[in-house]
Every structure is written in structure tokens, then in C-alpha cells.
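Notes for the one structure printed next.
Residue numbers (full-length UniProt numbering): 1 to 549.
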């Protein structure tokens with residue numbers, strides 16, 4: 001197979017956020033959704049969050065009740081700085097009700113997987129059965145015991161941290177040193193660190209997977225932990241396939257509403273008759289501003305023919321069966337009580353840097369107890385609107401909710417956290433977790449999450465635990481002690497271990513972890529500036545017109 005200069009195959013085509021959007025005149029991301037479409041998206045998500053919606057959505061009485069509920073409410077949508085209240089017209093509500101048939105076709109009965117709050121995001125509440133969930137919780141409990149009993153136990157909520165004992169370029173022993181990055185001009189690439197994924201083989205039966213290398217941070221001898229994670233990851237493969245299919249460049253994200261606005265009234269206020277009347281001119285300018293903001297406008301709308309099954313047409317389907325993939329693991333287990341009643345909201349972020357090539361994430365909520373209002377939010381980067389009149393802030397605000405200088409992103413949905421929820425989503429959406437606090441009347445709370453981060457399966461394999469041996473000193477000491485003559489004095493074993501390349505003492509591991517954490521936090525800030533929060537430049541349309549002259 002031929003390859004492109006960056007090592008990708010010609011069929012590789014997953015969108016990714018590791019781009020400097022400042023190099024593009026209209027920015028990066030999806031085409032912006034109108035405020036009306038964002039409200040339609042929210043209504044659709046609300047309907048599909050109802051228990052058993054797929055069984056009753058085509059019942060006339062149910063449909064009428066849902067229509068009446070929607071007709072009497074509004075949604076606050078658009079960028080957070082503006083957040084405009086929007087209601088839906090009859091034909092728009094009917095469109096949302098009609099398209100439920102498409103979402104029902106997409107839905108899978110076996111594991112109750114369905115599209116979540118927005119396209120490309122998938123969820124299920126039936127990933128594991130009760131017995132399997134209990135086994136997974138027992139594994140988390142055993143990990144807690146192991147970590148708390150270690151010499152350098154920390155108070156961190158992260159039981160398995162991919163930033164700990166990662167690959168440290170120039171320090172970690174690599175079979176092939178050419179794997180080290182050397183692009184000093186790419187803010188998305190770390191020149192010092194990369195997280196280490198495990199290599200996973202997927203069998204013909206998608207739900208059956210097998211680890212081909214260790215999970216970074218999990219003792220290879222803890223077979224019960226590997227079995228539980230293997231089972232959980234196997235059930236997530238189908239969700240990953242759904243996300244990747246919708247993310248592929250052959251399947252562009254459909255829009256319910258296309259086009260731009262039009263004006264029905266063009267006459268602006270007449271200027272003052274006296275050219276030297278400053279007070280009259282000031283009033284005229286105020287009148288013009290008001291006229292620009294509120295003059296009658298025709299906002300783009302859904303097609304006259306209504307819903308057309310458009311998002312059911314897929315040009316490419318992704319299958320991961322009979323393949324090897326790479327997956328980064330992270331496990332969080334946080335407890336709340338009277339002394340710690342809340343967890344700070346996470347910032348808006350994506351997973352990893354360009355080194356890891358993470359294309360999708362899957363989060364399985366093992367336990368959400370004593371926490372009633374926790375939510376997982378999503379937003380996406382959008383390009384600046386390109387089909388508007390220069391400096392027409394009144395129209396851009398009413399159509400897309402954007403004013404000059406506003407960050408070009410749109411809030412696309414929120415999912416309530418609950419025990420048993422599994423949600424998979426593409427890494428081109430930022431996400432954040434918020435409102436994690438002890439519920440009223442609860443003395444204890446728990447939030448336990450198993451997180452899987454899928455490396456883009458279409459890029460050449462990255463450095464993994466198959467290339468880097470465990471760097472923990474105690475694991476290497478144990479392996480050595482089990483493989484040589486037991487009569488050898490411990491002092492000699494200690495000396496041998498200290499001579500092994502890339503062994504990390506715990507103090508070193510802590511220092512490198514803190515350094516990598518700071519690097520990733522800085523990347524999140526810069527990535528937000530250069531991809532997800534590029535300012536809406538209303539002057540860009542002027543530049544296009546000048547180039548056309």
C-alpha cells in the first residue's frame with residue numbers, strides 16, 4: 001500500500017485536533033450550526049434520553065405529547081459568552097420527531113448502544129452485566145490496596161496514570177532511537193515524553209480482545225485485573241467502531257440546516273439633514289446599530305421536504321476485528337465525604353498530544369454514588385462563518401450566536417453521570433467533567449471510572465509497552481529474583497538492578513510525572529487557543545473580497 005509523506009495510508013482519514021488553526025483564514029473545525037439547529041440537537045437528545053423511547057416514538061399519542069412539551073419550552077444555546085434563548089417552530093419540532101426513526105435504526109438492541117447527546121458520541125448503560133461489574137469493582141478495590149500500601153503512596157485519585165512511568169526520550173531505553181520526535185516547531189508534539197499504550201489483539205468476535213503487551217502501571221502478575229480490563233475493553237470495541245465510522249472523512253457530519261441568512265428589509269435609517277449636527281449624527285449612529293441588530297432577517301431553515309434519512313448514508317464503515325490496536329489506560333477512583341465534599345471541575349480538554357495520536361476515548365463509569373448532578377459536557381471547534389456581509393454583527397449573532405472576537409466553538413451537549421454508563425466519543429471534541437459534589441443528605445460518595453484511549457489505528461504504531469520494558473524498580477527486582485539462583489545475596493541483586501538501563505527510582509518517577517503533567521497542562525491551554533477557541537474574525541471576509549479584486 002502506498003503511503004502519504006506523513007506515513008498515513010491514502011485511506012486514513014480521521015479528523016484530529018493536533019493542528020495550528022491560526023494558519024487557516026476561517027479557522028478549523030466543523031461548519032458552525034445555527035442557533036436553531038443547536039436547539040433541535042438539544043431536543044433530540046432529550047427525547048432519546050427518555051427510557052424506552054425507541055419503543056414508543058412512533059406512537060401517535062406519544063408523539064403529540066412530546067410535540068406539545070417541545071412547543072412550550074426554549075433552550076439556551078450558542079457560545080457561552082452569549083447563550084441565546086431559542087424556541088422551535090412547529091415544522092422544526094416535527095423534523096426532530098421524524099428523525100427519531102433514523103436514530104432508532106442506528107441503535108443496537110444487544111447492548112442498548114445508541115447515539116448520545118450529539119452525533120459521533122455513543123453511549124450505553126448495558127456494557128457489563130451485574131456480575132462483571134462487581135468483578136471490575138473488586139479489581140479497583142485491590143488496586144486501591146496495592147497503591148495505598150506502597151512505600152510512596154500518594155493521595156491521588158488516579159489509580160492507573162498513563163503519565164507515570166511513561167516513555168522519557170533520552171532516558172527510557174528504546175529498541176529504535178529513531179522513534180524519538182524531532183519536530184521543534186510543532187506545539188502539539190512533545191519532545192520529551194509520550195504515554196505508553198498496551199498492544200491489544202481483537203479477535204473475529206469484536207467483543208473478544210487479548211492483551212499482547214502489559215498495561216503501563218498494572219503489575220503483569222495481577223491476572224485478575226487484566227482479565228477484568230480485557231473484558232471491559234472488549235465490550236467497548238463496538239462503540240469505538242461506531243465513533244470511528246462517523247469520524248471518517250468519507251462520512252462528513254450532516255447538518256440539518258444549511259446556508260446563510262437573508263434580509264427582507266434593506267432600508268437603513270436616513271442620515272441627518274444637517275451635516276454639522278453632531279448630536280443628530282450620534283443619534284443616527286445609535287439608530288443604525290439598533291437597526292443592524294434588529295432589522296427583519298430570514299434565518300436559514302430546514303429543507304422544505306423535511307427529514308430525508310441523510311445521516312443513515314455512510315460512505316465507509318470501520319471494522320477493527322482481526323486487527324491489533326493500541327490503547328492507553330487510565331483508572332480514576334475518587335471518594336467524597338464530609339472532609340471532601342466536591343471535586344473541582346476539569347478544564348475543557350482533549351486526550352493526549354500528537355505523540356499518542358489518540359483518536360477516540362471510551363469512559364466506563366464503574367461507580368457513581370452519592371453524586372446526583374455530575375455531568376460530562378462536550379463542545380466542538382467550528383470555523384468562522386464565511387457567508388455573511390462584512391461587519392454584520394447583528395446577523396451573525398442572530399444566526400450562529402457569534403460576535404466579532406468570540407471563541408469559535410459550540411457547546412454540543414451534556415450527559416448526566418451514572419453508574420454503568422459507558423460513553424465513547426472522538427478526540428476532536430473537547431470534554432469536561434463538572435458538578436462532582438456530595439449529594440444532599442449523603443455522607444459518602446464515590447466516582448470510579450475506567451478510561452480507554454484508542455490510538456489512531458490508521459497511523460503507524462507508536463511506542464508502546466511492547467517496546468519499553470517496565471521501568472518500576474520493584475518489578476525488575478522481582479523478575480530478576482525469580483529468574484536466577486536464589487542463593488545469590490540480595491545485595492548483589494540490588495547492584496544488578498541499579499545497573500539496568502532506564503530503571504526509575506520512585507523519586508525520579510514522581511519528578512518526571514510532575515514535569516509531564518505541567519507539559520500537558522500547558523499543551524491544553526495552547527491547543528485551546530490555537531484550535532478550539534480561535535476568535536471569530538469578522539474582517540476575514542474583507543480579506544477574501546480584497547483578494548478577489
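Beta carbons are placed, not taken as given, at the ideal position from N, Cα and C, and that holds for glycine.
If you follow the alpha helix (DSSP H) that residue i is in, where does it begin and where does it stop?
i           : result
residue 231 : 223-247
residue 144 : 130-148
residue 523 : 506-527
residue 320 : No alpha helix (DSSP H) contains residue 320, which DSSP labels as neither H nor E.
residue 562 : Since the first residue of the chain shown is 1 and the last is 549, residue 562 is not available in this structure.
residue 446 : No alpha helix (DSSP H) contains residue 446, which is instead part of the beta strand (DSSP E) from 445-455.
residue 500 : Element bounds for residue 500: n/a, residue is neither H nor E.
residue 212 : Residue 212 -> no alpha helix (DSSP H), and no H or E assigned at all.
residue 479 : 473-483
residue 64  : 60-71
Between the options, which has its C-alpha nearest residue i's C-alpha?
i           : options               : result
residue 14  : 333, 21, 470 and 458  : 458
residue 212 : 222, 220 and 199      : 199
residue 352 : 412, 143 and 456      : 456
residue 255 : 288, 230 and 303      : 303
residue 192 : 355, 496, 300 and 493 : 355
residue 383 : 374, 410, 369 and 372 : 410
residue 422 : 111, 98 and 57        : 111
residue 426 : 227, 444, 446 and 452 : 452
residue 363 : 432, 357, 33 and 41   : 432
residue 230 : 526, 492, 473 and 450 : 450
residue 70  : 80, 54 and 93         : 93
residue 401 : 76, 26, 63 and 55     : 76
residue 471 : 507, 448, 436 and 446 : 507
residue 84  : 68, 35, 72 and 408    : 35
residue 258 : 387, 514, 397 and 270 : 387
residue 236 : 360, 334, 528 and 88  : 360
Using 7 Å as the threshold, is the C-beta distance between residue i and residue j below it?
i           : j           : result
residue 234 : residue 218 : no
residue 273 : residue 291 : no
residue 504 : residue 336 : no
residue 167 : residue 18  : no
residue 204 : residue 321 : yes
residue 531 : residue 131 : no
residue 122 : residue 424 : yes
residue 326 : residue 464 : yes
residue 562 : residue 49  : In the structure displayed, the chain extends from 1 to 549; residue 562 sits before or after that span and is not available.
residue 376 : residue 240 : no
residue 380 : residue 412 : yes
residue 33  : residue 467 : no
residue 524 : residue 163 : no
residue 216 : residue 247 : no
residue 86  : residue 103 : no
residue 343 : residue 436 : yes
residue 183 : residue 332 : no
residue 261 : residue 399 : yes
residue 289 : residue 368 : no
Starting from residue i, trace the beta strand (DSSP E) both ways and give me its first and last residue.
i           : result
residue 409 : 409-416
residue 75  : 75-77
residue 267 : First-last for residue 267: undefined, no H or E at that position.
residue 159 : 158-160
Per DSSP, residue i forms a beta bridge with which residues?
i           : result
residue 167 : 194
residue 380 : 410 and 429
residue 48  : None; residue 48 has no bridge partner.
residue 535 : 407
residue 349 : 431
residue 285 : Looking at the DSSP assignment, residue 285 forms no beta bridge with any residue, so it has no partner.
residue 365 : 449
residue 54  : DSSP, once it has assigned bridges, lists no residue as partnering residue 54.
residue 342 : 437
residue 422 : 124 and 364
residue 263 : 297
residue 329 : 452
residue 14  : 248
residue 115 : 122
So is residue i buried or exposed if we call it buried at 16+ other beta carbons inside 10 Å?
i           : result
residue 548 : With a pLDDT of only 47 at residue 548, under 50, the local geometry of the prediction cannot be trusted, and the value read off the model is given with reservation. Exposed is the call here.
residue 172 : buried
residue 60  : exposed
residue 539 : exposed
residue 128 : buried
residue 30  : buried
residue 6   : For residue 6, the pLDDT reaches just 43, beneath the cut-off of 50, and the residue's location in the model is therefore unreliable, leaving the point undetermined.
residue 499 : exposed
residue 221 : exposed
residue 534 : buried
residue 536 : buried
residue 392 : buried
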